[in-house]
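In my numbering, the protein residues as written are 1178 to 1418. Step one of this worksheet: look at the structure below.
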Amino acid sequence: MISWLLLESAAGERGLPWRDDFLSPRERQHLERLRFPRRRQEWWLGRYAAKVLLSRAEPTLAARPFSAVEILPEGGGAPVAFVDDEPLPGVLSISHRAGLAFVAWQPAGGELGVDVELVEPRPSSFETDYLTAQEQEALTRVPDSQRALAVTLFWSLKEAALKALRQGLRLDTRQVEVNLPELGTGGQAWQSCVVINPALSRRWQGYWRGWGKAVLTVVTDLKEPQLEQVGYLVATESGWQ
Ligand SMILES: CC(C)(COP(=O)(O)OP(=O)(O)OC[C@H]1O[C@@H](n2cnc3c(N)ncnc32)[C@H](O)[C@@H]1OP(=O)(O)O)[C@@H](O)C(=O)NCCC(=O)NCCS
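Right, here's the structure in full:
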């Protein structure tokens, strides 16, 4: 089982119902160290989304205040949830982009990474710089109308896989390879694919779906997990809808 939630800021990266009472003292210190407004806002969105997710997915947390759950970065930046100073068993992944925060929780532990990306055209140098030869070859069979979607999916699934490995872009994106089946209409249902790391002889299950102008991607070591949405929140300056 993987639980996921999406939080959307109605006014993009501005106009959040700013408050910090859901943060622990250590989280507030972390936030204070972030200097750039955009980074502060995306961190805020990701933390709030993750705390709503955990309170809905973990019954033991339902009655605890959000500030009792701390989400702190480990050395490499991957988020870890703590309750009463103990790591919460399970694996959390966070992504944010253009006022959207996409978060997922895999209580069984293991490997999980998520990503949200806007579907937009990218220069052909992007493909040669970041995609494997096999992924570039697969693109030759994609109709022009779906090329931006396919390139975005390759990139997003790679980022999700590199997060599942808890490495992020410290690793070359060509070390993981995405095997995308035909894209179909690219609709709102989850579609599956396979992501591999040939050097490590590793294989993960990948999932993707559209969300407005964005795609959501999930990479996991679980076989055929259930993906359960536990919420969709819209933040406005005056509160939540
Ligand atoms: C992980 C990474 C690929 C995400 O990049 P991104 O597309 O800009 O951002 P996303 O919104 O999709 O994801 C960001 C979230 O990924 C998570 N994350 C960061 N590093 C991670 C890692 N090593 N493994 C798993 N998750 C990670 C964090 O939760 C982060 O959000 P937060 O800092 O607000 O908690 C990128 O930040 C990275 O490679 N970081 C590690 C290397 C690094 O620090 N490089 C410095 C800049 S080159």
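The beta-carbon is built from N, C-alpha and C at its ideal position, and this holds for glycine as well.
Whose C-beta lies closer than 8 Å to the C-beta of residue 1179 among residues of the same chain, with five residues either side of it excluded?
-> Once the five neighbours on either side are set aside, the close Cβ partners of residue 1179 are 1281, 1282, 1283, 1289, 1395, 1397, 1399, 1402, 1403, 1404, 1405.
Measuring CB to CB, does residue 1317 end up less than 8 Å from residue 1335?
-> Judged by their CB atoms, residue 1317 and residue 1335 are not nearer to each other than the 8 Å cut-off.
Tell me whether residue 1233 sits in a helix, a strand or coil according to DSSP, three-state version.
-> Helix at residue 1233.
Do the CB positions of residue 1411 and residue 1219 come within less than 8 Å of each other?
-> Contact: no.
State the beta-bridge partners of residue 1259 as determined by DSSP.
-> DSSP lists 1247, 1264 as partners of residue 1259.
Cα-Cα, which of 1293, 1292, 1337, 1343 is closest to residue 1252?
-> Of the residues 1293, 1292, 1337, 1343, the one whose Cα lies closest to the Cα of residue 1252 is 1343.
Since residue 1239 contacts residue 1232 with CB under 8 Å, what's their CB separation in whole angstroms?
-> Rounded, the Cβ-Cβ distance is 6 Å, consistent with contact.
Could you name the residues of the same chain whose beta carbon sits closer than 8 Å to that of residue 1266, not counting the 5 residues immediately before and after it, in chain order?
-> These residues qualify, in order along the chain: 1284, 1286.
Pairwise C-alpha distance: residue 1250 and residue 1295 = Whole-angstrom Cα-Cα distance: 25 Å.
Flag residue 1297 as yes when its Cβ comes closer than 7 Å to any non-hydrogen atom of ligand 1, and as no otherwise.
-> No; taking the cut-off as 7 Å, the Cβ of residue 1297 has no heavy atom of ligand 1 nearer than that.
What do you reckon, is the C-beta of residue 1204 under 7 Å from a heavy atom of ligand 1?
-> No, Cβ of residue 1204 sits at least 7 Å from all heavy atoms of ligand 1.
Could you tell me whether the Cβ atoms of residue 1230 and residue 1277 are closer together than 8 Å?
-> For residue 1230 and residue 1277, no; Cβs fall outside 8 Å.
Residues bridged to residue 1397 [DSSP beta-bridge criterion] = Bridge partners of residue 1397: 1289, 1382.
Pull up the distance between the alpha-carbon of residue 1279 and that of residue 1389, whole angstroms please.
-> Here the alpha carbons of residue 1389 and residue 1279 stand approximately 13 Å from one another.
What is the DSSP secondary structure of residue 1408, counted as helix, strand or coil?
-> In the displayed model, residue 1408 falls within a strand according to three-state DSSP.
Quick one: grab the DSSP three-state call for residue 1282.
-> Three-state DSSP puts residue 1282 in a strand.
Can you tell me the Cα-Cα spacing of residue 1353 and residue 1320, whole angstroms?
-> A straight line joining the alpha-carbon of residue 1353 with that of residue 1320 spans about 24 Å.
Is any heavy atom of ligand 1 found at a distance shorter than 7 Å from the C-beta of residue 1292?
-> Yes, ligand 1 has a heavy atom inside 7 Å of this Cβ.
Heavy atom of ligand 1 less than 7 Å from the Cβ of residue 1250, yes or no?
-> In this structure, residue 1250 has its CB closer than 7 Å to one or more heavy atoms of ligand 1.
Apply the 10 Å Cβ neighbour rule to residue 1384 and answer buried if 16 or more other Cβ atoms are within range, or exposed otherwise.
-> Counting Cβ neighbours within 10 Å, residue 1384 comes out buried, since at least 16 surround it.
For the beta strand (DSSP E) that residue 1186 lies in, which residues bound it at each end?
-> Element bounds for residue 1186: 1179-1186.
For residue 1272, is the beta carbon positioned less than 7 Å from some heavy atom of ligand 1?
-> Residue 1272 Cβ: within cutoff of ligand 1.
CB contact flag (residue 1209, residue 1224, <8 Å) | Not a contact, by the Cβ cut-off of 8 Å.
How is residue 1296 classed by DSSP in three states: helix, strand or coil?
-> Here residue 1296 sits in coil by DSSP.
Compare the Cα-Cα distances from residue 1340 to each of 1256, 1360, 1201 and report the closest residue.
-> Looking at 1256, 1360, 1201, the one whose alpha-carbon comes closest to that of residue 1340 is 1256.
Are the beta-carbon atoms of residue 1357 and residue 1310 separated by less than 8 Å?
-> Against a cut-off of 8 Å, the Cβ pair of residue 1310 and residue 1357 comes out as no contact.
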